[in-house]
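**Q** Using this note's numbering, the first residue of the sequence shown is number 23, and each one after it goes up by one. Just so you know, even glycine gets a beta-carbon here, dropped at the ideal spot from N, CA and C. Since this is a predicted model, take the numbers as computed values, not measurements. Right, I'll just put the structure down here and ask away after.
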Amino acid sequence: MTTNNNIEKRNPADSDFEILYEDNHLLGIVKPVNIPTQGDASSDPDLLSLLKEDIKERYQKPGNVYLGLVHRLDRPVGGAMIFAKTSKAASRLSEAVRSRNFDKTYLAIVHGTPAKRQGRLTNTLLKNERTNTVSVVPKGTPGGKEAILDYEVIGTAASDNLTLIKVTLLTGRPHQIRVQFSHIGCPLYGDQKYGQAFNKPGQQIALWSLYVGFPHPVTKEQTQLISLPPEEAPWSLWNRQTYRELSRQL
């Protein structure tokens, strides 16, 4: 098994990003919050372009640099993320995603507490491309896609009415975690789009990519990336040992 704890990093100090894993085929990094994964209508600098430039500078590569986008994180979300450095790796990882052999675990802090301490949420989601919003719709709605996740309550901060939840995605729909928890009355802390009544402008959404696991596209070894959330509110309501224990269980 390959993890981000024993990979030999090449020139990590020269990178503008925290590198979790790197070899000739893959690049795993900690996505900073509030950067779009790829170019969008905002025209703000996007992660894919910034990483290509980072690789180009670190390895003094002439011409264009290939970097394949395998999965996405919403703009306000940070944490572990993997990219493919070759088209073959991109193709094989994309197949792992399609065959659900690509594991993604998140941490979320929500308002309130779900009725059950652990369970599965299954909904049909429909995206409005014009407004870039997603809603829960009846099964069978044209354009609707099934969204499934498993969750487990890790702890509560009763004085703040906040709950720390571990989320395992079984599908990868846009805004999936945010929409499904809002639908059960537990919107994410800081989510202005799906929890406006609970949150204040300027709050950072509390959703973090803790773990990404998949078979390496070349060696086939199980590869794991782990990134703990930042040591700041509201994550600091729980101690670092809580997050370390969660990462060790994955």
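Residue ranges of each beta strand (DSSP E) run of no fewer than 3 residues wholly in the region 48 to 91, ordered along the chain?
**A** Runs found: 48 to 53.
**Q** Give the secondary structure of residue 124 by DSSP, where H, G and I count as helix, E and B as strand, and everything else as coil.
**A** Residue 124 falls in the coil class under three-state DSSP.
**Q** For residue 211 and residue 272, which I take to be in contact (beta-carbon distance under 8 Å), what is that distance rounded to the nearest angstrom?
**A** Not really, about 23 Å apart at Cβ, beyond 8 Å.
**Q** Runs of 3 residues minimum, wholly inside the region 134 to 192: which ones carry the beta strand (DSSP E) assignment?
**A** You should have 140 to 150, 155 to 159, 167 to 179 and 184 to 191.
**Q** Mind checking which residues open and close the alpha helix (DSSP H) that includes residue 269?
**A** Unbroken alpha helix (DSSP H) run through residue 269: 262 to 270.
**Q** Rounding to the nearest angstrom, what Cα-Cα distance links residue 196 and residue 156 in this structure?
**A** Distance between the alpha carbons of residue 196 and residue 156: 7 Å.
**Q** Looking at the secondary structure, which residues open and close the alpha helix (DSSP H) in which residue 202 lies?
**A** From DSSP, the alpha helix (DSSP H) with residue 202 extends over 198 to 205.
**Q** Using the Cα positions of residue 37 and residue 182, report the straight-line distance between them to the nearest angstrom.
**A** So the alpha carbons of these two residues sit roughly 38 Å apart.
**Q** Using 8 Å as the cut-off, can you tell me whether the region 69 to 81 makes contact with the region 51 to 59, which would need three or more C-beta pairs spanning the two stretches below that distance?
**A** Short answer: they touch.
**Q** Looking only at its chain, what residues have a beta carbon closer than 6 Å to the beta carbon of residue 173, apart from the 5 residues adjacent to it on each side?
**A** These residues qualify, in order along the chain: 187 and 189.
**Q** Nearest-angstrom Cα distance between residue 223 and residue 83?
**A** Distance between the alpha carbons of residue 223 and residue 83: 42 Å.
**Q** Leaving out the 5 sequence neighbours to the left and right, which residues in its chain are closer than 6 Å to residue 131 when beta-carbon positions are compared?
**A** Excluding sequence neighbours, residue 131 sits near 184, 186, 211, 228 and 256.
**Q** Give every residue of the same chain whose Cβ lies closer than 7 Å to the Cβ of residue 219, excluding the five residues on either side of it in the sequence, and list them in chain order.
**A** Closer than 7 Å at Cβ, skipping near neighbours: no residue.
**Q** CA-CA distance, residue 207 and residue 141?
**A** About 15 Å.
**Q** If I'm right that residue 115 touches residue 39 with Cβ under 8 Å, what's the distance once you round it to whole angstroms?
**A** No, residue 115 and residue 39 are not in contact; Cβ-Cβ is about 19 Å, not under 8 Å.
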